[in-house]
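*Asks:* Structure below; questions to follow.
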Amino acid sequence: MKKIILATLFCSLGAYASESEDTSNNKMSLAIDYINSSNSFTRELGGQSYTESNNSNAFGLRLGFNKSNNGQWFIAYQNENFDIGIYDVNNNPLHYLSLGYNKEFPFSNGLAPYIRGSLGVGTMSVTGYSDSSATAIGGKVGAGLGYYVTDSFKISAGVDVQYRVWTPIKTTYGDIDINDSSFMATLGAEYYF
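Using the working numbering, the first residue of the sequence shown is number 128, and each one after it goes up by one.
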């Protein structure tokens, strides 16, 4: 798994470095996001499978690196809290780190529709199992609308869809296999510097 993350990071940074230098667009940005998700979890244990709804909300931070043609690579951290514990009653948060790309289509009036995608990996502490943590690997795509209040400050709202696969956790009855799909509503504020 570490090799996949490192390879994705290496390829992304290589693509970023190969872009033509356009200093007017090479700004960094820092954003804070609020995310509300409707999640559908599918669990398999001992040949039995069931699906349940387990909604979540999260706060996230994004560090962006602008490149030419209104595109931006970003690294994001998200602290996600679920309505119901995924593995145990402790209901620990999922700490999720992702690498992605955002493409804007700005208008002269400050509006900027966007599309984006990312790949990520997260970890959650679990108790009562031989493993002390569970890992989730996933991908996300989305679209939304941003508005530049000033040249260096933007607010945005969007929707994302996400799919994650969780590493199996061993129990005396077999492995618990989990995957989840999400529909996410996001609100954000971003400052460029």
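No residue lacks a Cβ here, since even glycine has one placed at the ideal position from N, Cα and C.
Model, not experiment: these values are computed from the prediction.
Based on Cα-Cα distance, which residue from Gly187, Asp215, Tyr214 and Ala158 lies nearest to glutamine 199?
*Replies:* Closest by alpha carbon: Ala158.
*Asks:* If you run the structure through DSSP and keep just helix, strand and coil, what is proline 295?
*Replies:* If DSSP states are grouped into helix, strand and coil, proline 295 belongs with the strands.
*Asks:* Please classify serine 225: does DSSP put it in a helix, a strand, or coil?
*Replies:* Strand at serine 225.
*Asks:* Within 10 angstroms of the Cβ of alanine 270, are there 16 or more other Cβ atoms? Answer buried if so, exposed if not.
*Replies:* Label assigned to alanine 270: exposed.
*Asks:* Buried or exposed for leucine 221, please, with buried defined as at least 16 other CB atoms from any protein chain shown within 10 angstroms of its CB.
*Replies:* By the neighbour-count rule (16 or more Cβ atoms within 10 Å), leucine 221 is buried.
*Asks:* What first and last residue would you give for the beta strand (DSSP E) that runs through valine 276?
*Replies:* Start and end: 260-277.
*Asks:* For glutamate 317, I'd like the list of residues in its chain whose CB is within less than 6 Å of its CB, leaving aside the five on either flank, ordered along the chain.
*Replies:* Closer than 6 Å at Cβ, skipping near neighbours: Ser156, Ala158 and Lys281.
*Asks:* Where does the unbroken beta strand (DSSP E) through isoleucine 340 begin, and where does it stop?
*Replies:* The question about residue 340 has no answer here: the residues shown for the chain are numbered 128 through 320.
*Asks:* Would the C-beta of isoleucine 202 count as close to the ligand PLP, meaning under 8 Å from any of its heavy atoms?
*Replies:* The ligand PLP is absent from the structure shown, which contains no ligand whatsoever.
*Asks:* If we count Cβ pairs, one from each stretch, closer than 8 Å, do we get three or more for the region 228-238 versus the region 204-214?
*Replies:* No contact exists between the region 228-238 and the region 204-214.
*Asks:* What distance in whole Å lies between the Cβ atoms of asparagine 217 and threonine 254, which are believed to be in contact at a cut-off of 8 Å?
*Replies:* Going by Cβ atoms, the distance from threonine 254 to asparagine 217 rounds to 6 Å, so yes, they are a contact pair.
*Asks:* Over the uninterrupted beta strand (DSSP E) stretch that includes valine 248, give me the two end residues.
*Replies:* Here the beta strand (DSSP E) through valine 248 covers 238-252.
*Asks:* In angstroms, rounded to a whole number, what distance separates the CA positions of alanine 284 and leucine 246?
*Replies:* If I take the Cα positions, the gap works out to 20 Å.
*Asks:* Tell me the rounded alpha-carbon separation between glycine 265 and serine 176.
*Replies:* Distance between the alpha carbons of glycine 265 and serine 176 is about 20 Å.
*Asks:* Output yes or no for whether 9 Å exceeds the beta carbon distance between isoleucine 202 and leucine 226.
*Replies:* Yes.
*Asks:* Ordered along the chain, which non-local residues of its own chain (more than five positions away) have a Cβ less than 6 Å from that of valine 292?
*Replies:* Same-chain partners within the cutoff: Ile264 and Asn306.
*Asks:* Going by DSSP, which residues form a beta bridge with asparagine 306?
*Replies:* Bridge partners of asparagine 306: Thr169 and Val292.
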